[in-house]
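Just so you know, my numbering puts the end of the sequence shown at 362, numbered straight through with nothing missing.
All remarks here apply to the structure that follows.
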Amino acid sequence: MAQHMEVVDFPFMSFCIERKKDMRKIMFTLISVLVMGISIPTVSLAESGEKKVLVVMSYEEPSVNPWCKEIKEGIDSVLANTCEIAYFYMDTKINFDGGPQKAEEAYSLYQRLRPDGIITADDNAQSMFVLPYLLKNKVRTPVMFCGVNAEAEKYGYPASNVSGILERAHIRESIAFAKQLVPSINSVGFLAKNSPSGKALLRQVEKESNAYIAKLTTFKLLETVKELVAVMEELKEKCDMLFIDSLEGILDEKGDPLKNKQIIKMLMKIYGKPIIGANQYHVEHGALCAVVKTGQEQGRTAAEMLLKALQGTPISDIKITQNYQGRRVINVTTMKALGIKPKPIVLVGAKLVRTN
Numbered sequence: 007m008a009q010h011m012e013v014v015d016f017p018f019m020s021f022c023i024e025r026k027k028d029m030r031k032i033m034f035t036l037i038s039v040l041v042m043g044i045s046i047p048t049v050s051l052a053e054s055g056e057k058k059v060l061v062v063m064s065y066e067e068p069s070v071n072p073w074c075k076e077i078k079e080g081i082d083s084v085l086a087n088t089c090e091i092a093y094f095y096m097d098t099k100i101n102f103d104g105g106p107q108k109a110e111e112a113y114s115l116y117q118r119l120r121p122d123g124i125i126t127a128d129d130n131a132q133s134m135f136v137l138p139y140l141l142k143n144k145v146r147t148p149v150m151f152c153g154v155n156a157e158a159e160k161y162g163y164p165a166s167n168v169s170g171i172l173e174r175a176h177i178r179e180s181i182a183f184a185k186q187l188v189p190s191i192n193s194v195g196f197l198a199k200n201s202p203s204g205k206a207l208l209r210q211v212e213k214e215s216n217a218y219i220a221k222l223t224t225f226k227l228l229e230t231v232k233e234l235v236a237v238m239e240e241l242k243e244k245c246d247m248l249f250i251d252s253l254e255g256i257l258d259e260k261g262d263p264l265k266n267k268q269i270i271k272m273l274m275k276i277y278g279k280p281i282i283g284a285n286q287y288h289v290e291h292g293a294l295c296a297v298v299k300t301g302q303e304q305g306r307t308a309a310e311m312l313l314k315a316l317q318g319t320p321i322s323d324i325k326i327t328q329n330y331q332g333r334r335v336i337n338v339t340t341m342k343a344l345g346i347k348p349k350p351i352v353l354v355g356a357k358l359v360r361t362n
């Protein structure tokens, strides 16, 4: 049912809230605005229900970062009708050095809102926000993490009030799927940004690469486009295929962070061979294929775990888990451009997309 939307204007922002009889929900919105000051564009609210939940995202708003968009969709699918949700974005893909300041702002928001539960997404929110603020100050509010690439033990998880879902790329499955499309693929190289997520991907590859159907030849952690261009000749010589993930935010010649779409377009032009990814947006941006992990699964699972805690289930009974769902996705635009003509049976059950 459509609801009337009231626009509330402030010096630094305007946003919409649903007109409801329960003024407590409006106060929840106003407190969020007052605490954040000029940084308020990084906070958005969805009001419904009685429980208050604070979500701290490591990265950027959904309009900028497709991974955060997926996670938010997953969280909202579980909690939007029963909880008031405040979203805070730390922007660490495009400004990693600004993360600690954003974490301090997130903690100030937590203190003012006094939410019933917290969800923290991806690794930077754990290292910059949960550890130095929530765990150090012995906060007892239930916390559920999602999108964590590192081992849970790195952050001292599980803790008395912390559980969640780890994120693991379906690398072995994606390589095997690509080889079904291109049987001549025998070697694979990896590209990732030199970041906590990129380093966690490296550890995953080192741990499981013996099980890959294609030989691992190289793994490059990059920070700039200049570094990317410098390694391309080596990659073209050594690798039949590239696997990419966590590349968003590498810097161009002017020092500006690039988006996934820009990076994939550049790679396709320089490399000229199959590129596969970990997420659906990689394929939509031009990668050949992937068995994708989804932010929706991450967000939905963390929200379901938090809901159990809010309903009285002890955190000790809510065990840390990891993603297991995968979906085969193929970019038919790229497949045609590379002259790939797979057997029809390989396409059965796969989602077909075109470069957007």
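Cβ atoms here follow ideal geometry from the backbone N, Cα and C, with glycine treated the same way.
Residue from the options whose Cα sits closest to the Cα of residue i
i       : options                               : result
Thr-224 : Leu-312, Ala-175, Ala-198 and Lys-78  : Ala-198
Pro-138 : Gly-123, Pro-148, Gly-162 and Arg-118 : Gly-162
Asp-232 : Ala-343, Thr-307 and Leu-257          : For the sequence presented, residue 232 should be read as Lys rather than Asp. Selected option, being the one with the closest Cα: Leu-257.
Leu-241 : Glu-259, Leu-222, Gly-255 and Arg-209 : Leu-222
Glu-290 : Ala-309, Tyr-277, Val-168 and Ile-270 : Ile-270
Met-274 : Pro-202, Asp-262, Ile-326 and Phe-249 : Phe-249
Glu-179 : Thr-147, Ser-169, Lys-205 and Tyr-218 : Tyr-218
Phe-183 : Cys-295, Asn-329 and Arg-360          : Cys-295
Leu-208 : Leu-264, Cys-152, Phe-94 and Ile-177  : Ile-177
Ile-91  : Pro-72, Pro-68, Leu-119 and Tyr-65    : Leu-119
Met-150 : Asn-362, Thr-327 and Thr-361          : Thr-327
Glu-243 : Tyr-277, Gly-80, Leu-187 and Val-335  : Tyr-277
Ala-343 : Gln-331, Thr-361 and Val-335          : Thr-361
Ala-308 : Lys-260, Cys-152, Leu-316 and Asn-216 : Cys-152
Lys-75  : Ser-169, Lys-57 and Thr-300           : Thr-300
Lys-267 : Ala-284, Glu-259, Ala-293 and Gly-261 : Ala-293
Outcome for residue i when other beta-carbon atoms lying within 10 angstroms are tallied against a minimum of 16
i       : result
Ser-166 : exposed
Glu-303 : buried
Asp-323 : exposed
Lys-142 : exposed
Leu-358 : exposed
Val-194 : buried
Thr-319 : exposed
Asn-192 : exposed
Ser-201 : buried
Ile-81  : buried
Arg-146 : exposed
Asp-251 : buried
Under 7 Å between C-beta atoms of residue i and residue j
i       : j       : result
Gly-305 : Ile-77  : yes
Ala-109 : Met-134 : yes
Ile-125 : Val-61  : yes
Pro-280 : Met-311 : no
Met-63  : Ala-158 : no
Val-59  : Pro-121 : yes
Ile-181 : Ala-206 : no
Gln-286 : Val-298 : yes
Val-154 : Leu-140 : no
Leu-316 : Lys-57  : yes
As assigned by DSSP and simplified to three states, the class of residue i
i       : result
Gln-317 : coil
Ser-193 : strand
Met-247 : strand
Thr-98  : coil
Gln-328 : strand
Ser-201 : coil
Ser-169 : strand
Ile-269 : helix
Ile-276 : helix
Val-84  : helix
Glu-157 : coil
Ala-427 : No answer is possible for residue 427: the residues shown for the chain start at 7 and end at 362.
Tyr-65  : coil
Leu-344 : coil
Lys-349 : coil
Tyr-218 : coil
Beta-bridge partners of residue i, as assigned by DSSP
i       : result
Pro-263 : Leu-257
Asn-285 : Lys-299
Thr-224 : Gly-195
Gly-123 : Val-59
Met-150 : Ile-125 and Ser-169
Ile-336 : Cys-295 and Leu-358
Thr-230 : Leu-257
Cβ-heavy atom distance, residue i to the ligand GTP, below 6 Å
i       : result
Ile-276 : As presented, the structure is devoid of all ligands, the ligand GTP included, so that no description of it is given.
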